[in-house]
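Right, one structure below, let's go through it.
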Amino acid sequence: MSLPRLKDYRAEKIDIECRRCDRYAVLDRKALVKKYGASCQFVDLKRALAIGCDRKGADYCEARFPCLLRIGVLIERG
């Protein structure tokens with residue numbers, strides 16, 4: 002099974018949260034597609050959005066997409 006991409010999620014908004022950093026954002030899907038492309042995988046989007054975080058790319062990163070969890074899509078840590 003391939004990892005979910007922006008084109009696989011059709012809602013207008015995408016939310017991302019990190020419990021460890023206490024960060025939460027609701028992002029416009031169309032703007033993300035314009036910036037990163039429809040084929041961008043959510044794991045790559047997570048890495049891009051984590052720029053500036055001390056835990057990015059580390060096992061300590063707990064960022065996730067609740068919007069994917071609500072529709073039953075799980076992604077690998079990355």
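Heads up: the sequence shown at position 21 corresponds to 22 in this note's numbering, and the numbers run straight through without jumps.
The beta-carbon is built from N, C-alpha and C at its ideal position, and this holds for glycine as well.
Everything numeric in this text was worked out from a predicted model, so none of it was measured.
Taking residue i as the reference, which of the options has the closest Cα?
i          : options        : result
residue 25 : 37, 43, 15, 41 : 15
residue 20 : 69, 65, 73, 70 : 65
residue 51 : 17, 42, 30     : 17
residue 28 : 68, 73, 72     : 68
Based on the DSSP secondary-structure assignment, which residues constitute the bridge partners of residue i?
i          : result
residue 27 : 16
State the DSSP-derived secondary structure class of residue i, mapped to helix, strand or coil.
i          : result
residue 64 : strand
residue 79 : Residue placement at residue 79 cannot be trusted, given a pLDDT of 46 that sits under 50; what the coordinates show is reported in the next sentence. Three-state DSSP puts residue 79 in coil, outside helix and strand.
residue 71 : helix
residue 6  : strand
If you follow the alpha helix (DSSP H) that residue i is part of, which residue opens it and which one closes it?
i          : result
residue 48 : 43-50
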